[in-house]
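Numbering (the UniProt record's numbering), first residue to last: 1 to 256.
Structure follows, in C-alpha coordinates:
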(Lines of atoms letter the chains of each structure in order from A and count residues from 1; the text may use other names and numbers.)
(Lines give C-alpha, C1' and ligand atoms only; values in the text may rest on other atoms or scores of the structure.)
Protein backbone atom coordinates (compact mmCIF):
# COMPACT_ATOMS: atom_id res chain seq x y z
CA UNK A 1 0.00 0.00 0.00
CA UNK A 2 1.10 3.57 -0.73
CA UNK A 3 0.03 6.42 1.58
CA UNK A 4 0.53 10.04 0.51
CA UNK A 5 -0.05 12.62 3.23
CA UNK A 6 1.17 15.68 1.34
CA UNK A 7 -1.84 18.02 1.15
CA UNK A 8 -1.30 19.55 -2.31
CA UNK A 9 -0.10 16.76 -4.60
CA UNK A 10 -0.74 17.68 -8.25
CA UNK A 11 1.41 15.07 -10.04
CA UNK A 12 1.93 11.40 -9.14
CA UNK A 13 4.19 8.98 -11.02
CA UNK A 14 4.42 5.33 -10.03
CA UNK A 15 6.27 2.27 -11.30
CA UNK A 16 5.44 -1.20 -10.03
CA UNK A 17 2.55 -3.65 -9.71
CA UNK A 18 -1.00 -2.41 -9.12
CA UNK A 19 -1.58 -1.77 -5.42
CA UNK A 20 -3.76 0.21 -3.06
CA UNK A 21 -3.01 3.94 -3.06
CA UNK A 22 -4.27 6.37 -0.43
CA UNK A 23 -3.97 10.15 -0.86
CA UNK A 24 -5.04 12.40 2.01
CA UNK A 25 -6.18 15.12 -0.41
CA UNK A 26 -6.64 14.09 -4.04
CA UNK A 27 -8.62 17.14 -5.11
CA UNK A 28 -5.44 18.81 -6.44
CA UNK A 29 -4.22 15.74 -8.34
CA UNK A 30 -4.21 16.60 -12.05
CA UNK A 31 -1.59 14.32 -13.65
CA UNK A 32 -0.93 10.62 -13.02
CA UNK A 33 1.44 8.14 -14.69
CA UNK A 34 1.22 4.44 -13.74
CA UNK A 35 3.97 2.25 -15.21
CA UNK A 36 3.04 -1.41 -14.85
CA UNK A 37 5.60 -2.83 -17.27
CA UNK A 38 6.69 -6.35 -16.27
CA UNK A 39 3.50 -6.69 -14.18
CA UNK A 40 -0.07 -7.71 -14.93
CA UNK A 41 -3.33 -5.80 -14.89
CA UNK A 42 -2.50 -2.08 -14.85
CA UNK A 43 -5.25 -1.19 -17.34
CA UNK A 44 -7.89 -3.08 -15.40
CA UNK A 45 -6.64 -1.52 -12.17
CA UNK A 46 -6.97 1.96 -13.65
CA UNK A 47 -10.54 1.34 -14.77
CA UNK A 48 -11.74 -0.18 -11.50
CA UNK A 49 -9.62 1.30 -8.69
CA UNK A 50 -7.91 4.52 -9.71
CA UNK A 51 -10.96 6.79 -10.00
CA UNK A 52 -11.45 6.85 -6.23
CA UNK A 53 -8.26 8.95 -5.85
CA UNK A 54 -8.44 10.91 -9.12
CA UNK A 55 -11.74 12.77 -9.09
CA UNK A 56 -10.24 15.85 -10.78
CA UNK A 57 -7.63 14.11 -12.95
CA UNK A 58 -6.90 15.79 -16.30
CA UNK A 59 -4.01 13.71 -17.73
CA UNK A 60 -3.40 9.96 -17.34
CA UNK A 61 -0.57 7.81 -18.72
CA UNK A 62 -0.61 4.01 -18.39
CA UNK A 63 1.90 1.27 -19.24
CA UNK A 64 1.10 -2.44 -19.16
CA UNK A 65 2.71 -5.65 -20.38
CA UNK A 66 -0.03 -8.16 -19.57
CA UNK A 67 -3.76 -7.94 -19.05
CA UNK A 68 -5.19 -11.21 -17.79
CA UNK A 69 -8.84 -10.24 -18.15
CA UNK A 70 -11.04 -8.25 -20.50
CA UNK A 71 -11.69 -4.63 -19.63
CA UNK A 72 -14.82 -4.04 -17.54
CA UNK A 73 -17.95 -3.19 -19.51
CA UNK A 74 -19.00 -0.47 -17.01
CA UNK A 75 -15.81 1.20 -15.77
CA UNK A 76 -15.59 4.01 -13.25
CA UNK A 77 -15.82 7.50 -14.75
CA UNK A 78 -12.96 9.98 -15.15
CA UNK A 79 -15.22 12.98 -15.61
CA UNK A 80 -12.51 15.62 -16.07
CA UNK A 81 -9.85 13.67 -17.96
CA UNK A 82 -8.69 15.52 -21.08
CA UNK A 83 -5.57 13.61 -22.16
CA UNK A 84 -5.05 9.83 -22.12
CA UNK A 85 -1.90 7.94 -23.13
CA UNK A 86 -1.81 4.14 -23.17
CA UNK A 87 1.30 2.06 -23.86
CA UNK A 88 0.80 -1.63 -24.69
CA UNK A 89 4.30 -3.02 -24.18
CA UNK A 90 4.79 -6.12 -26.34
CA UNK A 91 1.19 -7.31 -25.89
CA UNK A 92 1.01 -9.54 -28.96
CA UNK A 93 -2.37 -11.15 -28.19
CA UNK A 94 -4.11 -8.20 -26.59
CA UNK A 95 -7.67 -7.33 -27.62
CA UNK A 96 -7.23 -3.67 -28.54
CA UNK A 97 -10.98 -3.18 -28.95
CA UNK A 98 -11.35 -3.64 -25.18
CA UNK A 99 -9.69 -0.22 -24.77
CA UNK A 100 -13.00 1.29 -25.83
CA UNK A 101 -13.81 0.98 -22.10
CA UNK A 102 -11.39 3.87 -21.48
CA UNK A 103 -13.13 6.06 -24.03
CA UNK A 104 -16.47 5.23 -22.42
CA UNK A 105 -15.13 6.24 -19.02
CA UNK A 106 -13.78 9.64 -20.16
CA UNK A 107 -16.65 11.79 -21.48
CA UNK A 108 -14.51 14.96 -21.58
CA UNK A 109 -11.53 13.33 -23.33
CA UNK A 110 -9.94 15.48 -26.06
CA UNK A 111 -6.71 13.64 -26.93
CA UNK A 112 -6.03 9.89 -27.03
CA UNK A 113 -2.57 8.42 -27.68
CA UNK A 114 -2.04 4.66 -28.04
CA UNK A 115 1.27 2.87 -28.49
CA UNK A 116 0.41 -0.54 -29.93
CA UNK A 117 4.02 -1.69 -30.38
CA UNK A 118 6.80 -2.55 -30.55
CA UNK A 119 6.30 -5.62 -32.72
CA UNK A 120 9.02 -8.23 -32.85
CA UNK A 121 7.24 -10.52 -35.30
CA UNK A 122 4.35 -10.51 -37.74
CA UNK A 123 0.99 -10.53 -35.94
CA UNK A 124 -0.74 -13.87 -35.49
CA UNK A 125 -4.06 -12.03 -35.18
CA UNK A 126 -3.55 -10.21 -38.49
CA UNK A 127 -6.55 -9.11 -40.53
CA UNK A 128 -4.54 -9.65 -43.73
CA UNK A 129 -5.97 -13.08 -44.48
CA UNK A 130 -8.62 -14.06 -47.00
CA UNK A 131 -10.83 -11.67 -48.96
CA UNK A 132 -11.68 -8.18 -47.70
CA UNK A 133 -15.41 -8.85 -47.85
CA UNK A 134 -15.13 -12.05 -45.82
CA UNK A 135 -13.04 -10.34 -43.14
CA UNK A 136 -15.38 -7.33 -42.95
CA UNK A 137 -18.38 -9.57 -42.37
CA UNK A 138 -16.69 -11.04 -39.28
CA UNK A 139 -15.70 -7.71 -37.72
CA UNK A 140 -17.34 -6.73 -34.46
CA UNK A 141 -19.92 -4.04 -35.11
CA UNK A 142 -20.37 -0.61 -33.59
CA UNK A 143 -20.87 -0.81 -29.84
CA UNK A 144 -24.44 0.17 -29.05
CA UNK A 145 -24.86 3.29 -26.95
CA UNK A 146 -21.22 4.42 -27.23
CA UNK A 147 -20.65 8.00 -28.35
CA UNK A 148 -17.76 10.38 -27.65
CA UNK A 149 -18.51 14.03 -28.33
CA UNK A 150 -15.27 15.78 -27.26
CA UNK A 151 -12.43 13.66 -28.65
CA UNK A 152 -10.51 15.71 -31.24
CA UNK A 153 -7.20 13.94 -31.82
CA UNK A 154 -6.23 10.26 -31.87
CA UNK A 155 -2.68 9.03 -32.46
CA UNK A 156 -1.74 5.36 -32.72
CA UNK A 157 1.93 4.41 -33.05
CA UNK A 158 3.12 0.91 -33.84
CA UNK A 159 -0.02 0.56 -35.95
CA UNK A 160 -0.24 -2.98 -37.25
CA UNK A 161 -2.58 -5.42 -38.98
CA UNK A 162 -4.15 -6.76 -35.77
CA UNK A 163 -7.86 -7.31 -36.38
CA UNK A 164 -8.82 -5.89 -32.96
CA UNK A 165 -6.76 -2.73 -33.61
CA UNK A 166 -8.61 -2.21 -36.90
CA UNK A 167 -11.90 -2.70 -35.04
CA UNK A 168 -10.90 -0.13 -32.38
CA UNK A 169 -9.95 2.43 -35.03
CA UNK A 170 -13.23 1.94 -36.89
CA UNK A 171 -15.21 2.25 -33.65
CA UNK A 172 -13.49 5.58 -32.97
CA UNK A 173 -14.27 6.85 -36.47
CA UNK A 174 -17.91 5.79 -36.22
CA UNK A 175 -18.59 6.98 -32.67
CA UNK A 176 -16.50 10.16 -32.15
CA UNK A 177 -18.34 12.93 -33.96
CA UNK A 178 -15.90 15.62 -32.78
CA UNK A 179 -12.79 13.90 -34.19
CA UNK A 180 -10.58 16.20 -36.27
CA UNK A 181 -7.25 14.36 -36.56
CA UNK A 182 -6.29 10.67 -36.84
CA UNK A 183 -2.59 9.79 -37.02
CA UNK A 184 -1.68 6.16 -37.76
CA UNK A 185 2.07 5.58 -37.41
CA UNK A 186 3.19 2.11 -38.50
CA UNK A 187 6.71 2.64 -37.10
CA UNK A 188 8.18 3.26 -33.68
CA UNK A 189 8.78 6.92 -34.45
CA UNK A 190 12.10 8.73 -34.23
CA UNK A 191 14.16 10.36 -31.50
CA UNK A 192 14.80 14.04 -30.76
CA UNK A 193 17.67 14.15 -33.26
CA UNK A 194 15.40 12.99 -36.08
CA UNK A 195 16.97 9.52 -36.35
CA UNK A 196 14.44 6.74 -36.94
CA UNK A 197 14.03 4.14 -34.21
CA UNK A 198 15.46 0.76 -35.15
CA UNK A 199 13.09 -1.80 -36.67
CA UNK A 200 13.89 -5.45 -37.35
CA UNK A 201 12.93 -7.16 -40.60
CA UNK A 202 9.79 -8.73 -39.17
CA UNK A 203 8.73 -5.46 -37.59
CA UNK A 204 9.06 -3.72 -40.97
CA UNK A 205 7.07 -6.52 -42.62
CA UNK A 206 4.32 -6.07 -40.03
CA UNK A 207 4.35 -2.31 -40.59
CA UNK A 208 3.78 -2.89 -44.31
CA UNK A 209 0.89 -5.21 -43.50
CA UNK A 210 -0.45 -2.44 -41.27
CA UNK A 211 -0.37 -0.09 -44.28
CA UNK A 212 -2.33 -2.63 -46.29
CA UNK A 213 -4.90 -2.94 -43.50
CA UNK A 214 -5.29 0.87 -43.38
CA UNK A 215 -5.88 0.96 -47.14
CA UNK A 216 -8.41 -1.89 -47.10
CA UNK A 217 -10.33 -1.29 -43.86
CA UNK A 218 -9.73 2.25 -42.53
CA UNK A 219 -9.45 4.82 -45.31
CA UNK A 220 -12.96 4.22 -46.61
CA UNK A 221 -14.39 4.88 -43.13
CA UNK A 222 -12.72 8.27 -42.57
CA UNK A 223 -15.21 11.19 -42.75
CA UNK A 224 -14.28 14.24 -44.80
CA UNK A 225 -14.10 16.27 -41.56
CA UNK A 226 -11.22 14.14 -40.24
CA UNK A 227 -7.61 14.67 -41.31
CA UNK A 228 -5.98 11.23 -41.72
CA UNK A 229 -2.18 11.06 -41.59
CA UNK A 230 -0.47 7.73 -42.24
CA UNK A 231 3.24 7.37 -41.42
CA UNK A 232 5.12 4.63 -43.24
CA UNK A 233 8.43 2.83 -42.65
CA UNK A 234 11.39 4.99 -43.62
CA UNK A 235 12.57 4.31 -47.16
CA UNK A 236 16.13 5.14 -46.10
CA UNK A 237 16.42 3.41 -42.71
CA UNK A 238 13.87 0.60 -42.56
CA UNK A 239 12.85 -0.68 -45.97
CA UNK A 240 16.37 -1.44 -47.32
CA UNK A 241 16.66 -4.17 -44.66
CA UNK A 242 14.05 -6.22 -46.52
CA UNK A 243 16.43 -7.66 -49.06
CA UNK A 244 14.02 -10.35 -50.21
CA UNK A 245 10.82 -8.28 -50.27
CA UNK A 246 9.62 -6.11 -53.11
CA UNK A 247 8.54 -2.85 -51.48
CA UNK A 248 7.34 0.32 -53.24
CA UNK A 249 9.18 3.56 -52.64
CA UNK A 250 8.06 5.10 -49.35
CA UNK A 251 8.52 8.56 -47.91
CA UNK A 252 10.73 9.12 -44.89
CA UNK A 253 9.22 9.44 -41.42
CA UNK A 254 12.11 11.43 -39.95
CA UNK A 255 14.98 13.48 -41.37
CA UNK A 256 17.50 10.63 -41.34
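Note that CB positions come from ideal geometry on N, CA and C, so glycine has one too.
*Does the beta-carbon distance from residue 57 to residue 81 come in below 8 Å?*
Here residue 57 refers to the residue found at position 57 of the chain shown. Here residue 81 refers to the residue found at position 81 of the chain shown. Yes; because the gap between Cβ atoms is below 8 Å, this pair is in contact.
_Chain-order list of residues whose beta-carbon lies under 6 Å from that of residue 2 (same chain, five-residue window excluded)_ = As a position in the chain shown, residue 2 is number 2, starting the count at 1. So the qualifying residues of the chain are 21.
*Got a sec, what are the start and stop residues for the beta strand (DSSP E) residue 61 sits in?*
In the chain shown, counting from the first residue as 1, residue 61 sits at position 61. Looking at the DSSP string, the run of the beta strand (DSSP E) that includes residue 61 is 59-66.
*Buried or exposed: where does residue 115 fall if 16 or more other Cβ atoms within 10 Å of its Cβ makes it buried?*
By 1-based counting over the chain shown, the position of residue 115 is 115. That one is buried.
*State the Cα-Cα distance for the pair residue 222 and residue 171, rounded to the nearest angstrom.*
Counting from 1 along the chain shown, the entry for residue 222 is found at position 222. Counting from 1 along the chain shown, the entry for residue 171 is found at position 171. Each residue's Cα considered, the two are about 11 Å apart.
*Verify whether the separation of the beta carbon atoms of residue 67 and residue 51 is less than 8 Å.*
By 1-based counting over the chain shown, the position of residue 67 is 67. By 1-based counting over the chain shown, the position of residue 51 is 51. For residue 67 and residue 51, no; Cβs fall outside 8 Å.
*asked:* Rounded to the nearest angstrom, what separates residue 41 and residue 168 at their Cα positions?
replied: Taking the first residue of the chain shown as 1, we reach residue 41 at position 41. Taking the first residue of the chain shown as 1, we reach residue 168 at position 168. Taking the straight line joining both Cα atoms gives about 20 Å.
*Status (buried if at least 16 other CB within 10 Å, exposed otherwise) for residue 218*: On the chain shown, residue 218 is found 218 positions in, with the first residue counted as 1. When all chains shown are included, residue 218 counts as buried.
*Near residue 119, which residues of its chain fall below 7 Å by C-beta distance, leaving aside the five closest residues on each side in sequence?*
Position 119 of the chain shown, counted from the start, is the residue given in the question as residue 119. Taken in chain order, the residues that qualify are 158, 160, 203 and 206.
*State the CB to CB distance for the pair residue 228 and residue 165, rounded to an integer number of angstroms; the pair is presumed to be in contact (CB under 8 Å).*
Numbered from 1 along the chain shown, position 228 holds the residue referred to as residue 228. Numbered from 1 along the chain shown, position 165 holds the residue referred to as residue 165. With 8 Å as the limit, residue 228 and residue 165 do not qualify as a contact, their Cβ atoms being about 15 Å apart.
_Inside the region 153-193 only - beta strand (DSSP E) runs reaching at least 3 residues_ = Taking only runs of at least 3 residues, the beta strand (DSSP E) segments lying wholly in the region 153-193 are 153-157 and 181-185.
*Comparing alpha-carbon positions, which option in 15, 147 and 93 lies nearest residue 123?*
Here the question's residue 123 lines up with position 123 in the chain shown. Here the closest residue by C-alpha is 93.
_Under DSSP, the beta strand (DSSP E) around residue 228 begins and ends at which residues?_
Residue numbering aside, residue 228 sits at position 228 when the chain shown is read from its first letter. Its beta strand (DSSP E) spans residues 227-231.
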